[in-house]
Amino acid sequence: MTSPAGPPPTGSGSGEQQRVRLLAVTACPTGIAHTYMAAEKLQQAAESRSIDMKVETQGSIGAENVLDDNDVSTADGIIVAADKDVDLSRFVGKRVLKVGVAEGIHHPEQLIERVRSAPVHESGGAAAVASSSGGKERSVGYKALMNGVSYMIPFVVVGGLLIAISLSLGGHTDPSGGLVIPKDSFWMDVNNIGVIGFTLMVPILSGYIAYAIGDRPALVPGMIGGWIANTGELYDSKAGAGFIGAIVTGFLAGYLVLWIKKVKVPKFVQPIMPIIVIPIVATTALGLFSIYVLGKPISWVFEHLTDWLSGMTGTSAILLGAILGLMIAFDMGGPVNKTAFLFGAGLIATGNQTVMGMCAAAIPVMPLGQGLATLIRKRLYTEQERETGLASLFMGCFGISEGAIPFAAARPAQVIPANMLGGAVAGAIAGVAGVEDAVPHGGPIVAVLGAVSGVPMFFVAVVIGTVVTALTTVALVDVSERKRRGEAGVGTPAAGPEPVLVGAGASAGTAVAPGAGGVVAQRSVATVPASTTSSAALAQPAASAEPAALAKPDASAEPAASVDAEVLSGYLTEQTVSVGLGAGDKEAAIREMAGLLARSGKVADVDELVATALRREEQGTTGLGEEIAIPHAKTDAVTAPVVGFARSPEGIEWGSLDGTRAKLVFMIAVPEAAAGDEHLRILALLSRKLMDTGFRERLMAAVDESAVVGVLREVG
1 MTSPAGPPPT GSGSGEQQRV RLLAVTACPT GIAHTYMAAE KLQQAAESRS IDMKVETQGS
61 IGAENVLDDN DVSTADGIIV AADKDVDLSR FVGKRVLKVG VAEGIHHPEQ LIERVRSAPV
121 HESGGAAAVA SSSGGKERSV GYKALMNGVS YMIPFVVVGG LLIAISLSLG GHTDPSGGLV
181 IPKDSFWMDV NNIGVIGFTL MVPILSGYIA YAIGDRPALV PGMIGGWIAN TGELYDSKAG
241 AGFIGAIVTG FLAGYLVLWI KKVKVPKFVQ PIMPIIVIPI VATTALGLFS IYVLGKPISW
301 VFEHLTDWLS GMTGTSAILL GAILGLMIAF DMGGPVNKTA FLFGAGLIAT GNQTVMGMCA
361 AAIPVMPLGQ GLATLIRKRL YTEQERETGL ASLFMGCFGI SEGAIPFAAA RPAQVIPANM
421 LGGAVAGAIA GVAGVEDAVP HGGPIVAVLG AVSGVPMFFV AVVIGTVVTA LTTVALVDVS
481 ERKRRGEAGV GTPAAGPEPV LVGAGASAGT AVAPGAGGVV AQRSVATVPA STTSSAALAQ
541 PAASAEPAAL AKPDASAEPA ASVDAEVLSG YLTEQTVSVG LGAGDKEAAI REMAGLLARS
601 GKVADVDELV ATALRREEQG TTGLGEEIAI PHAKTDAVTA PVVGFARSPE GIEWGSLDGT
661 RAKLVFMIAV PEAAAGDEHL RILALLSRKL MDTGFRERLM AAVDESAVVG VLREVG
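If you want it as C-alpha cells, here you go:
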C-alpha cells in the first residue's frame with residue numbers, strides 16, 4: 001500500500017525521508033525593522049534547504065503569525081532570535097536555540113544547522129544563548145531594572161494623576177489634617193483609586209525585576225517581597241523601604257529563583273516546581289528575610305534619623321533646610337524621605353511651621369525637575385520617558401514626589417544626586433526666607449490653597465530647586481550617554497541594544513528600548529547653519545532630482561501619479577525619490593532626506609523633522625545592514641505620513657550591524673496622531689522585501705526616479 005500524500009508527522013516511525021519542520025521567533029526591543037528582517041532571512045534560508053519553517057514576529061504591531069500548540073508539537077527545533085524576553089515555556093521538551101536578532105539576520109544558515117543539536121528546553125529552564133559576535137550589550141541586571149520600571153510607569157502615572165485631580169477638585173486645607181477630601185464625597189472615591197495605583201507601584205517594580213531574571217516563578221516572590229519592603233508596619237517601622245527596597249527585593253527574588261532552579265529534584269516533582277514549589281519556597285524565604293533582616297535596619301535608620309533631626313532644631317535655618325531637602329529628595333517615600341516629612345509634620349502641632357515649610361518647598365522639586373529635564377534635552381529621553389515627564393510635571397504641582405520615581409529607578413546614579421542637590425537648594429532657600437506651611441503637604445498646591453506664608457519666596461525656592469535638578473540631571477545623563485556610546489564604539493558593533501522605558505512602551509514587555517543595536521555614530525557638525533536648513537541648504541538635493549522627476553509632459557505625469565498612489569500606500573511618490581544622495585555623513589543625509597520629503601508639501605517644519613529623526617538615531621542606529629538604512633520619525637512636523645527614498649553611490653557610515661555603509665536610504669515620517677500601526681506596517685513590508693538580494697540589486701540599478709518607483713511597486 002502507498003502511504004498518504006504529504007510528510008508524515010514528526011516523530012513517526014515511517015521509513016520515508018521526513019521533511020524537517022522548524023519554528024522561529026524574532027523580536028527586537030523596538031519591534032520594528034530588525035524583527036522582520038530576521039524573519040525574512042530565516043525563511044529564505046529554510047526554503048533554500050527544503051525545510052518547512054514558520055516564523056512568529058513579535059513587533060510593535062503585536063505578535064503576528066503566532067505559533068500554536070500544533071506547530072510546536074510537530075516541530076523539530078525552535079530558533080529564538082530576539083534581543084528582548086520571549087516566553088519559552090511553550091517550548092518545553094523541544095530543542096531551543098536562543099540568539100540575538102542580529103544572528104538571525106546575518107547567520108540564518110548557521111542557526112538552522114545549530115538548532116538540530118541545541119539543548120532540549122526544560123520546564124523553568126533557560127535555553128542556550130549564543131555568544132558569538134554579539135558585541136557589547138547591556139547587562140542582565142540593567143535589563144531587569146528597566147523591565148521593572150517599564151511596568152511600574154503606568155501605575156505611577158495613573159495613581160499620581162488621580163490623586164492630584166482629587167486633591168485639586170475635591171480637597172481643602174485643614175490645619176489638623178493637611179489637605180482634606182470629605183470622606184463620603186465622589187472625589188474621595190477617585191482619590192482611593194489613585195492610592196491603590198500608588199500602593200501597587202512598588203510591588204510591580206519589584207515583581208517585574210524578578211520576572212526578567214527568573215521568569216514566571218519569580219513573579220510572585222518579587223511582588224510579595226516588594227509589598228513587604230514597602231509596608232513598614234510589618235517590621236515595626238513608620239516608613240517602608242520604598243522603591244529602593246523594591247529594587248533590592250526584586251533582584252533577590254530573581255536570583256533566588258534561579259538558584260532554586262538549579263537544585264536537582266526527582267522527575268515526578270519537576271512538573272510542579274515552577275508553579276508550586278519554587279514560588280512558595282522563594283516567597284516564604286524572601287518574605288521572612290525582608291521582615292527579620294532588611295526590616296530591622298530600615299526601622300533603625302528611621303528612628304535614629306528622627307532623633308538626629310530633633311537635635312538640630314536650634315541650628316542654622318539654611319543648614320537644616322538643606323539637610324531636610326536632601327532627605328526629602330533621596331528616596332521619595334522611603335525611610336529617609338518619611339523621616340524628614342514626619343519630622344516637619346509633627347512640629348506643626350507645636351506651633352513650629354517653618355520646618356514643614358522647608359519640606360514643602362523640597363517635595364515638588366524632584367518631579368518638576370525631572371519633567372523639565374525631559375523638555376529641555378528631549379534627545380536624551382525616549383518617547384515614553386518624555387510622556388512620563390509631562391505626567392511628572394503635573395504631579396509635582398500637587399506635591400506628589402513619587403512622580404520622579406521612574407526616572408530615579410531607571411538612572412539612579414544620575415537622577416538621585418540631581419534630585420538631592422535641587423531639594424537641598426529649595427529647602428535652604430525656604431529656610432532662609434522663613435517660609436511656613438500649616439499643613440503636612442507640599443508643592444505649589446498648598447500655596448494656592450492658602451496654607452503657606454511667604455508665598456513669593458516659596459515659589460522662588462521651588463523654581464530654583466527645580467531648575468538646579470533639571471540642569472544637573474541633563475548634565476549627568478548626557479555624560480553617561482556619551483561615555484556609554486564611546487565604550488560601545490570600541491571593537492565589534494553591539495548587536496543588542498538596551499531596553500527602554502519604555503513603552504511605553506516600547507512596549508512593554510519592555511521594557512521600553514532604544515532602537516536596534518549597533519554603534520551609535522557621534523552627531524557630526526552640520527555643514528549648513530540651522531537657520532538655512534529649510535531654504536537654500538535643502539534646495540540643493542531637491543534641484544538635483546527635479547529634472548528627472550518634474551520635467552515630464554503632463555500626459556506622462558498623470559498616469560505616473562495614479563500609479564504612485566499604490567506605492568507604499570501612496571506615501572511615496574517620484575517627488576520623494578532621489579537617485580543621487582550627496583551627503584557624506586549620517587546627519588547630513590537625514591537633513592537631505594528631510595528636504596526630499598518636504599517636496600511632497602506634507603512637511604510643516606523641516607528643522608523639527610530633522611531634530612526628531614536625529615533623536616531617534618541617538619536611541620539606536622537605524623542602519624539595518626545589507627547597505628540599508630531606514631531613519632524614521634514620529635512628529636507633528638509633518639501633516640500626513642510621507643516616505644522618501646534616496647540612493648548613495650559611495651554609501652554613508654550609519655553604524656549598521658554588519659558594518660556596511662548605507663547605500664539604500666528610506667525615510668519615514670508620520671504625525672503623532674497617525675503614529676499607529678500604519679507606519680509600522682510600512683517598516684515591516686520594507687524590511688522583509690529588502691532582504692531579497694534581487695530586489696536590492698534592482699533598486700541599485702534603476703536609472704532614474706521613475707524606474708525606482710517602478711521597482712518599489714513590488715513592495716505594495
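Position 170 (the sequence shown) corresponds to 170 in our numbering; numbering is contiguous.
Cβ atoms here follow ideal geometry from the backbone N, Cα and C, with glycine treated the same way.
A direct Cα-Cα distance of roughly 41 angstroms separates G148 from S316.
Measuring C-alpha to C-alpha distances from I276 to each of L23, G287 and P221 identifies P221 as the nearest. The alpha-carbon of A433 is positioned some 8 angstroms away from that of G454. Three or more Cβ pairs closer than 8 angstroms define a contact, and the segment 62–75 falls short of that threshold against the segment 105–122. Between S50 and R19, the alpha-carbon positions lie close to 8 angstroms from each other.
With contacts defined by Cβ atoms closer than 8 angstroms, F198 and E481 do not form a contacting pair. Between the segment 603–615 and the segment 359–370, the count of C-beta pairs closer than 8 angstroms stays below three; the two stretches do not touch. In its chain, beyond the 5 residues on either side, V301, L305, M327 and F330 have a beta carbon closer than 8 angstroms to the beta carbon of V336.
According to DSSP, A669 shares a beta bridge with A633 and V642. For G623, no alpha helix (DSSP H) run applies; the uninterrupted beta strand (DSSP E) run containing it begins and ends at G623 to G625, by DSSP.
At a Cβ-Cβ threshold of 8 angstroms, V80 and V140 do not count as neighbours. Each of I376, M188 and A408 was checked against the Cα of I153, and the nearest Cα belongs to A408.
Rounded to whole angstroms, the gap between the alpha carbons of V248 and M700 is 54 angstroms. Around Q414, the same chain offers L476, V477 and S480 as residues with beta carbons nearer than 6 angstroms, after the five sequence neighbours per side are excluded.
The C-alpha of V446 is placed about 11 angstroms away from the C-alpha of G171. Rounded to the nearest whole angstrom, the CA to CA distance from G584 to I652 is 6 angstroms. Take the alpha-carbon of S89 and the one of P412: they are about 33 angstroms apart. Comparing alpha carbon positions, the residue from I590, A684, R615 and A707 closest to V665 is I590. H632 has its alpha-carbon roughly 28 angstroms from the corresponding atom of A144. Nearest neighbour of V157 by Cα position, chosen from L258, R386 and E122, turns out to be R386. A residue is called buried once 16 or more other Cβ atoms fall within 10 Å of its Cβ, and K267, having fewer, is exposed. With a cutoff of 8 angstroms on beta-carbon distance, A451 and V435 are scored as not near each other. If you draw a straight line from the Cα of D636 to the Cα of L597, it comes to about 14 angstroms. Here V202 is near A246, since their CB atoms are less than 8 angstroms apart. In this structure A218 touches V257 by the C-beta definition: roughly 4 angstroms separates them, less than 8 angstroms.
Collapsing the DSSP output to three states places Q353 in coil. In chain order, A545, A548, A646, R647, A702, V703, D704, E705 and V708 place their CB closer than 8 angstroms to the CB of V579, counting only its own chain and leaving out the 5 sequence neighbours on each side.
Within the model, the alpha-carbon separation for H106 versus D692 is close to 13 angstroms. If you draw a straight line from the Cα of A684 to the Cα of E672, it is about 19 angstroms long.
Our two residues, K663 and V101, have alpha carbons roughly 22 angstroms apart in a direct line. Taking the Cα of V670 as reference, the smallest distance to any Cα among G659, S117 and P641 is reached at P641. A Cβ-Cβ distance of about 5 angstroms is found for the pair I400 and G160, placing them in contact under the 8 angstroms criterion.
For L390 and I668, the gap between their C-alpha atoms comes out near 26 angstroms.
If you draw a 10 Å sphere on the C-beta of E233, you find fewer than 16 other C-beta atoms in it, and that means exposed.
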